[in-house]
Amino acid sequence: MAKAPQVAKTVTRADLAEAVYQRVGLSRTESAELVETVLAEISDVLVNGANVKLSSFGSFLVRSKSERIGRNPKTGVEVPITPRRVMVFKPSNIMKGRVNGDVVADEAE
Amino acid sequence: MIKSELVLKIAERNPHLYQRDVENIVNAILGEITSALSRGDRVELRGFGAFSAKQRRARQGRNPRTGSQVKVDEKAVPFFKAGKEMRMRLNNGIDLGE
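From first to last, the protein sequence lines are chains A and B. If you read the first sequence in our numbering, its first letter stands for residue 29, the second for the next number, and so on. If you read the second sequence in our numbering, its first letter stands for residue 183, the second for the next number, and so on.
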């Protein structure tokens, strides 16, 4: 085990807005609005059934699941799981590398 | 949709921004999410979903081609869980549970 990180914190929209504010010369308010716009745009595309591929980050995919039989793990009772659409995230190799401490990873998508 | 198309779409809706700025904005957001995960932090975006890094222990693997044993080191794997609002929106606004 690598050295344990100091108390893991939770990053929120406000932190993303701060990152945008630091990097681009926009006001804090506008930075926050743009974070919202980006997330909303990605969501809308997925809800419309298309995938979103963000190079060097990863892909958000929509999958259609057909009905299957599930089981209540507590009671063992079988229940049907209705067909549904789910969203999955497939991290890019670059992100996988960075999460494991690679400083530069240039494997293309 | 790919990143450049996302940038274009957002630039169209924000005519006061240069496309280059929008590109920086998108990259700042994605970069911050990745940095957070590499620090071991969690990223929680209400309504959208949450990113975290799950720890996988070292294990004895096998090369599927040759069958020889290989050591697989412990590693962290990025993980995403869609938020409740996203799950509902994907299913015509119906809450089907997790």
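Even glycine gets a Cβ: it sits at the ideal position worked out from N, Cα and C.
Chain-ordered chain B contacts of residue i [CB-CB under 7 Å]
i, result
"A:V128", "Before going further, note that residue 128 of chain A is Asn rather than Val in the sequence given. Those are K257 and A258, listed as they occur along chain B."
CB contact below 8 Å: residue i versus chain B
i, result
"A:T110", "yes"
"A:K93", "no"
"A:K143", "Residue coverage of chain A in this structure runs from 29 to 137, which leaves residue 143 of chain A outside it and unanswerable."
"A:P101", "no"
"A:T57", "no"
Interface residues of chain A facing residue i [CB-CB closer than 7 Å]
i, result
"B:L278", "T110 and R112"
Proximity test, Cβ basis, 8 Å: residue i and chain A
i, result
"B:V254", "no"
"B:G222", "yes"
"B:E214", "yes"
Residue i burial status per 10 Å Cβ neighbour count (16 or more: buried)
i, result
"B:R269", "buried"
"B:R271", "buried"
"B:P223", "The residue asked about is misnamed: residue 223 of chain B is Asp in this sequence, not Pro. Burial call: buried."
"A:A78", "exposed"
"A:E92", "Here the sequence assigns Ser to residue 92 of chain A, which means Glu is not the residue at that position. Flag for A:S92 reads exposed."
"A:V35", "exposed"
"B:E231", "Reading off the sequence, residue 231 of chain B comes out as Gly, not Glu. It counts as buried."
heavy atom of the ligand FAD below 7 Å from residue i C-beta
i, result
"B:N245", "This structure simply doesn't include the ligand FAD, nor any ligand for that matter."
Under 8 Å by beta carbon: chain B residues contacting residue i
i, result
"A:E69", "L188, K191 and I192"
"A:A78", "M183"
Review point. Okay, do the segment 45–57 of chain A and the segment 199–218 of chain B touch, 3+ Cβ pairs below 8 Å being the bar?
Key: In the pairwise beta carbon analysis, the segment 45–57 of chain A is classified as touching the segment 199–218 of chain B: at least three pairs are separated by under 8 Å.
**Study point:** Interface residues of the segment 217–251 of chain B facing chain A [CB-CB below 7 Å]
**Key:** Across the segment 217–251 of chain B, CB contacts with chain A closer than 7 Å involve A218, L219, S220, R221, G222, D223, R224, V225, E226, L227, F230 and A235, in sequence order along the chain.
Check your understanding: Can you list, in chain order, the residues of the segment 38–50 of chain A whose Cβ is nearer than 7 Å to any Cβ on chain B?
Key -> Result list: T38, V39, T40, R41, D43, L44, A47 and V48.
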